[in-house]
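Please read the structure below before turning to the comments.
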Amino acid sequence: MKSLAEVFAESLMIDAASVVDSLAYQSIKEWDSVAHMVLVTALEDNFDIMLDADDIVAMSSVAKVRAILAKYDITA
Amino acid sequence: MTTGNPWAAILAGHGDAVAVRDDDGTALSYADVLALKARFDATLGRRSLVFLRTANSAVSVAAWLALLASYHATLAIEHDLAPERLAALVDLYRPDAIIDPDGGITFGPGGTTLHPDLSVLLSTSGSTGSPKLARFTAAALLANAAAIADYLGLTANERPFLALPTSYSYGMSVINSHALVGACIEVTTHGVMQAGFWDGLKNRAATSLSGVPFHYDAIRRLGLDRLATPTLITLTQAGGKLPAPVAAKYAEWAAANGRRFITMYGQTEAGPRLTWLPPEYLASHAGAIGVPIPGVTIDLIAADGSVITEPGVSGEMRCSSPAIMMGYAQGAADLARGDALGGVLMTGDLASRNEADVLSITGRASRMIKLFGTRVNLDDIDAQLARMDVPGVSFGQDDQLRVLVEAGDPETVRTALIAAFSFPPRGLMVKAVASLPRASSGKLLYGALGQAWEAAT
Chain C
2 MKSLAEVFAE
12 SLMIDAASVV
22 DSLAYQSIKE
32 WDSVAHMVLV
42 TALEDNFDIM
52 LDADDIVAMS
62 SVAKVRAILA
72 KYDITA
Chain W
27 MTTGNPWAAI
37 LAGHGDAVAV
47 RDDDGTALSY
57 ADVLALKARF
67 DATLGRRSLV
77 FLRTANSAVS
87 VAAWLALLAS
97 YHATLAIEHD
107 LAPERLAALV
117 DLYRPDAIID
127 PDGGITFGPG
137 GTTLHPDLSV
147 LLSTSGSTGS
157 PKLARFTAAA
167 LLANAAAIAD
177 YLGLTANERP
187 FLALPTSYSY
197 GMSVINSHAL
207 VGACIEVTTH
217 GVMQAGFWDG
227 LKNRAATSLS
237 GVPFHYDAIR
247 RLGLDRLATP
257 TLITLTQAGG
267 KLPAPVAAKY
277 AEWAAANGRR
287 FITMYGQTEA
297 GPRLTWLPPE
307 YLASHAGAIG
317 VPIPGVTIDL
327 IAADGSVITE
337 PGVSGEMRCS
347 SPAIMMGYAQ
357 GAADLARGDA
367 LGGVLMTGDL
377 ASRNEADVLS
387 ITGRASRMIK
397 LFGTRVNLDD
407 IDAQLARMDV
417 PGVSFGQDDQ
427 LRVLVEAGDP
437 ETVRTALIAA
447 FSFPPRGLMV
457 KAVASLPRAS
467 SGKLLYGALG
477 QAWEAAT
């Protein structure tokens, strides 16, 4: 299983070092709605979960994604 | 040219009705739009070439409408276009003024001669800031807006929820067609994958939503029931081909929930709308682009130039419409030119008709691809590579822009291209090869690029 930072880096096609908790949706060009769709699928595949639509639209930062994954009993 | 711009009287007729509202709740009326027009006119002093940097805010949309109704010639460009691309456009076309999304005016070099009929300029590929522009008269855009208002049955009670940019011909046509009938345009900066988008759609009582195929893919992932707000009736789709199974799913949902889902086709050069698929056709013709909108006729032209009459045979679409552009511009001198096309456009898209006269796209003849609904001219990408002094070439297909480079770090090239343009970055991939496939003459072998791509790591 990949780390959360690795999933982010691969989905957004960015450097893993730039995946920090404060990184927010639309704060960089690479995190737009197209990349968000890719990210959702990658999170689901990697952590073997099915994300709820309300969670998908609430994933507004790396920290928020981490908090949402915790609801699915995933420590990432 | 003494005939006034028809838009001014139309907007004046809507009085104090709200024209546009944004995420912050800022609302501006049609009277406010005309006041803004008066302010622009006073500051600019005389007929000017204006670059309008557009954003999805009430002031920006009002500025667009003010300029549309004015006697100035306006190029709408995305506010986040890279500064060097904007500077290149300023050098090339020498605008008299640049207006920011907040309405602020900066004077430019000026001195470009404008044809009396010229009203609006749209980039043929806004996301790349393409210097190749489509030239329009005010009457052409009015004709297209009227046709759209007609087939969609728009009234002043509509509240379209708009996340598309004004500088994108589809977004512009949503604004123009609703301004024509005095409706309130609900603009948003939120993306379809953000909670704010869905809160806005519901809380602002939107009656319609416009999206490109990517948006409808994303909404499907989130669940179509999110669209079941008490007020949302109409869903329109343009900006690329929606896969037939997806279109069919929306058709089924719309029929079961008393909504309407309408797929459409157009081209920036056509002002932009050309065809629509009436909802009653959707179940039996999912994936088709439909029938010409009012005022438009479409002929399919065979390779030998003859008009195809039999069903099922592909040909290039030749469209006649009052909304066809005057022609392209590649530099300031072209803005002095009059109508070069006479209302007829060869679209570069191939289509066929079935027995019921419903059109379907079968291919594309030009070097344009769509990246998640955004039109990208591959020549612009190649020009940027040349400016960066990177030997390479772009190619690809819809939603996959590929760049092969002979030298340089692919990651660095990718980052630089993303910074230069405003298309969705996820659609761009860069790979390095030792050498690009070339004929002995040195000419690039475009047909072999796909193979070279697969072989590259």
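These protein sequence lines are chains C and W, in that order. Numbering-wise (this note's numbering), the first sequence opens with residue 2 and increments by one. Numbering-wise (this note's numbering), the second sequence opens with residue 27 and increments by one. Positions of the beta carbon are idealized from the N, C-alpha and C atoms, including for glycine. Bear in mind the structure is a predicted one, so any value in this text is a computation, not a measurement.
Chain-order list of chain C residues neighbouring V218(W): S34, by C-beta distance under 7 Å. The Cβ atoms of P337(W) and E381(W) lie closer than 8 Å to each other. Contact annotation for V58(C) against chain W: M219, Q220, A221, F223, W224, L248 [CB-CB distance below 8 Å, chain order]. Its chain contains L94, A95, A164, L168 as the residues whose beta carbon lies nearer than 7 Å to that of W33(W), once the 5 sequence neighbours on both sides are disregarded; these appear in chain order.
Judged by DSSP in its simplified three-state form, T233(W) adopts coil rather than helix or strand. For I444(W), the closest Cβ of chain C is nearer than 8 Å. Fewer than three beta-carbon pairs drawn from the segment 121-128 of chain W and the segment 328-343 of chain W are found closer than 8 Å, and the two stretches are therefore not classed as touching. Counting the other CB atoms within 10 Å of its CB gives V384(W) a total of 16 or more, which places it among the buried residues. Only those residues of the segment 452-474 of chain W whose C-beta falls short of 9 Å from the nearest C-beta of chain C are listed: R452, G453, L454, M455. For T80(W), the enclosing beta strand (DSSP E) starts and ends at 75-80.
Under the DSSP definition of a beta bridge, E342(W) partners with I327(W), L376(W). CA-CA distance, I245(W) to F449(W), rounds to 20 Å. For F66(W), there is no enclosing beta strand (DSSP E); the residue is found in the alpha helix (DSSP H) stretching over 56-70. Taken through DSSP and simplified to helix, strand or coil, P269(W) comes out as coil.
Contacts with chain W at 8 Å (Cβ-Cβ) do not include V20(C). Considering only beta carbons, no part of the segment 69-85 of chain W lies closer than 8 Å to chain C.
The beta carbon of F66(W) does not come within 8 Å of any beta carbon belonging to chain C, so the residue lies off that interface. With a threshold of 8 Å between beta carbons, A54(C) makes contact with chain W. In chain order, L206 place their CB closer than 7 Å to the CB of A172(W), counting only its own chain and leaving out the 5 sequence neighbours on each side. Between the segment 402-411 of chain W and the segment 151-161 of chain W there are three or more C-beta pairs closer than 8 Å, enough to call the two in contact. Cβ-Cβ separation between P239(W) and E31(C): approximately 21 Å, too far for a contact (criterion under 8 Å). In its chain, beyond the 5 residues on either side, I124 have a beta carbon closer than 6 Å to the beta carbon of T132(W). Under the Cβ criterion of 8 Å, Y26(C) is counted among the residues facing chain W.
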